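Worksheet: one structure, shown below.
Residue numbers (our numbering): 3 to 694.
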């Protein structure tokens, strides 16, 4: 008979842990939180030390009844929610709901769901950490005060149904600030001049660097003409060649933010999807009896630490030595430095065993699970490997007074690059340029000289990866907040994703402009960062959570009173489109929803007709030859192309059609995205060309 009850958050986690613990343990799932502040009211007594009013979450009555019934049948109860603030709060509310003693050693935590880690954790149960609970409670109450304080003002002055969050509002403001930078950007002209040069056996390129020994810029066509006149008829001579050996160290293993960024770059995963798939890998996957049954494949995925355990490091070093050779191991085991301000509560995100390679795990995983696991595994293994060694060559080439420079590199020893190379939003990835062996004094022949005009570009809009990176760099939010923050600002209609980049909506700009005027502290990055630090101090037991809230609320309450009196009402009028409703004839207007812009009948509520906005491609449907191919969005917001006569014609394509026919067979051309650029390809024959 079972004598212990173990409560975790999810059925998947319960299933995995249940197999490890055996018949003496009953393992149940709470399905997340069981108590929270009420939705219908503030739920915080601001006159009584911010006493929260917790109630059982609607729909959790049956879950609690099942847990209470199970509680009666056992001697011990263990609360094994996730090892973070949120998990500690779940454990606290479960203890309250099940009438467990406050001093009872009922809390069990583990960073990875493997048999060894789980069994070891149950040997060392502890009391619930009330400092962690207080930190979570302070954040929850703080966000409730802000949201339930500002939102009614926005309903009254702007539009019903609006809401304002503390971290989310800062994220929206960052998107708006970037959009304003783009709008106000003044492009500046500049030129580059590239010369193609010949040795006796090779061809290579060099770019204009300057005059004499000084760097110079080509700002306009006059500068280019002056340069071309200078080099006209001149011999090109190698003046100097510099060779150097560069060492490149691997990136550290993943933390929450870097995992979200890299999954966005390399797998095209949204932040929420990354965390959902990572949760599945953490909670456990059935590998079959031969592989040990259900096993958690990665460590806990909400962390800001790059630390790894000595056991994991020893195992991966053995794997690297056995599979790549001793020369692929660093001279001493790597210890990656944590970023400033990191809580360092857990290990980095890593595979629970380096020996479970992606190829071995592939038969047991879905496509998305395998791709994310492969990313995590490769990053971890590479993080413990020797540095890459590159031979870098730089050659200065003189033509009269003009100086050209050619650079190139080649990998001398791949090191960690044998397994993994980190992506980068800020650099254009180009293949390392080939550079032949050159010697000072060597004469070269000019094959061609190519001047090109360019204009400086505005800063790019935020992608999900770039916004997460910026939030992390500024110290806004914590690992567990990034994905829900990005999801929330889209659901509220404050920002939209266009071509995978955030664009603010008119509604978002109006709300943020009002908040900047009446609640400047909420949108101040420094204030938000300081508040995160105070929450960390609560967790460490250094400050009283009530005092932190009192100091905040004293000023905030006065701001609310001023906003109620002085904020002017704002009327948001719908933008009228050129289309009329096919059901009632009224004009269609543009609306913003969870998934972006759409068309709705202006006769609402009498007419509830809505339809998506489609973009024309100018291409005739190749299947029915009557309709036009238009851009559409799938349910998962992925762009595809289909016939506008659907459902009469079911033509679809994931590749973007080109509004010109194939020169070879006259069929449709499409764009094919590749890592090295875009290819234009015929759907019928073998014609293809590089897109300029």
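The beta carbon of each residue, even a glycine, is placed where N, CA and C say it ideally should be. Everything numeric in this text was worked out from a predicted model, so none of it was measured.
Counting along the chain, where does the alpha helix (DSSP H) carrying residue i start and finish?
{"i": "residue 221", "result": "Per DSSP, residue 221 belongs to no alpha helix (DSSP H) and is neither H nor E."}
{"i": "residue 179", "result": "168-186"}
{"i": "residue 350", "result": "That residue, residue 350, is in no alpha helix (DSSP H); it is neither H nor E in DSSP."}
{"i": "residue 72", "result": "63-74"}
{"i": "residue 267", "result": "258-269"}
{"i": "residue 118", "result": "117-123"}
{"i": "residue 564", "result": "547-568"}
{"i": "residue 105", "result": "No alpha helix (DSSP H) contains residue 105, which DSSP labels as neither H nor E."}
{"i": "residue 542", "result": "Premise fails: residue 542 is in no alpha helix (DSSP H) and is neither H nor E."}
{"i": "residue 361", "result": "360-363"}
Just verifying my parser: in three-state terms, what is the DSSP assignment at residue i?
{"i": "residue 5", "result": "coil"}
{"i": "residue 395", "result": "strand"}
{"i": "residue 432", "result": "Confidence in residue 432 is poor, its pLDDT being 40 and thus under 50, which makes the residue's placement too unreliable to answer from."}
{"i": "residue 249", "result": "strand"}
{"i": "residue 155", "result": "helix"}
{"i": "residue 532", "result": "helix"}
{"i": "residue 281", "result": "helix"}
{"i": "residue 644", "result": "strand"}
{"i": "residue 683", "result": "strand"}
{"i": "residue 303", "result": "coil"}
{"i": "residue 674", "result": "strand"}
{"i": "residue 54", "result": "strand"}
{"i": "residue 580", "result": "strand"}
{"i": "residue 84", "result": "coil"}
{"i": "residue 383", "result": "helix"}
{"i": "residue 241", "result": "strand"}
{"i": "residue 589", "result": "strand"}
{"i": "residue 162", "result": "coil"}
{"i": "residue 409", "result": "strand"}
{"i": "residue 415", "result": "strand"}
{"i": "residue 655", "result": "strand"}
{"i": "residue 522", "result": "helix"}
{"i": "residue 272", "result": "coil"}
{"i": "residue 98", "result": "helix"}
{"i": "residue 146", "result": "helix"}
{"i": "residue 59", "result": "coil"}
{"i": "residue 114", "result": "strand"}
{"i": "residue 669", "result": "coil"}
{"i": "residue 388", "result": "coil"}
Looking at the secondary structure, which residues open and close the beta strand (DSSP E) in which residue i lies?
{"i": "residue 690", "result": "690-692"}
{"i": "residue 18", "result": "Not the beta strand (DSSP E): residue 18 falls in the alpha helix (DSSP H), residues 13-23."}
{"i": "residue 208", "result": "205-213"}
{"i": "residue 498", "result": "497-500"}
{"i": "residue 504", "result": "503-506"}
{"i": "residue 633", "result": "630-635"}
{"i": "residue 191", "result": "191-200"}
{"i": "residue 28", "result": "27-31"}
{"i": "residue 322", "result": "Run containing residue 322: none in the beta strand (DSSP E); it sits in the alpha helix (DSSP H), 312-326."}
Please check the pair residue i and residue j, which I expect to be a contact at CB under 8 Å, by giving their CB distance rounded to whole angstroms.
{"i": "residue 354", "j": "residue 310", "result": "Incorrect: roughly 11 Å between the Cβ atoms, too far for contact."}
{"i": "residue 121", "j": "residue 285", "result": "Their Cβ separation, rounded to whole angstroms, is 17 Å, which puts residue 121 and residue 285 out of contact at 8 Å."}
{"i": "residue 422", "j": "residue 381", "result": "6 Å"}
{"i": "residue 565", "j": "residue 520", "result": "4 Å"}
{"i": "residue 599", "j": "residue 517", "result": "So it is not a contact: roughly 23 Å between Cβ atoms."}
{"i": "residue 193", "j": "residue 156", "result": "The Cβ separation is near 50 Å, so there is no contact."}
{"i": "residue 200", "j": "residue 449", "result": "5 Å"}
Any C-beta of chain B sitting closer than 8 Å to the C-beta of residue i?
{"i": "residue 270", "result": "Reference to chain B is not applicable here, since this structure consists of a single protein chain."}
Count the CB pairs spanning the segment 580-596 and the segment 171-189 that are closer than 8 Å, and state whether there are at least three. no
Which whole runs of the alpha helix (DSSP H) in the segment 424-486 are 4 residues long or more, in chain order? 466-476
So, do the segment 407-416 and the segment 384-397 have three or more beta carbon pairs nearer to each other than 8 Å? yes
Go through the segment 593-627 residue by residue and report every complete run of the alpha helix (DSSP H) that reaches 4 residues or more, in order. none
Pair every Cβ in the segment 84-95 with every Cβ in the segment 63-74, then say whether three or more of these pairs are closer than 8 Å. no
Report yes or no: do three or more beta-carbon pairs, one from the segment 255-272 and one from the segment 349-365, lie closer than 8 Å? yes
Are the segment 240-250 and the segment 398-407 touching, with three or more C-beta to C-beta distances below 8 Å? yes
Do the segment 113-128 and the segment 31-44 make contact, defined as three or more Cβ pairs closer than 8 Å? no
Spell out a yes or no on whether the segment 19-34 and the segment 524-532 are touching, meaning 3 or more CB-CB pairs, one atom from each, closer than 8 Å. no
Indicate whether the contact test is met: 3 or more Cβ pairs, each with one atom in the segment 442-450 and one in the segment 179-187, closer than 8 Å. no
Pairing CB atoms from the segment 360-374 with CB atoms from the segment 266-284, are three or more of them under 8 Å? yes
Do three or more CB pairs link the segment 473-485 to the segment 228-240 at distances below 8 Å? no
Determine, using beta-carbon pairs with one atom in the segment 643-651 and one in the segment 623-635, whether at least three such pairs fall under 8 Å. yes
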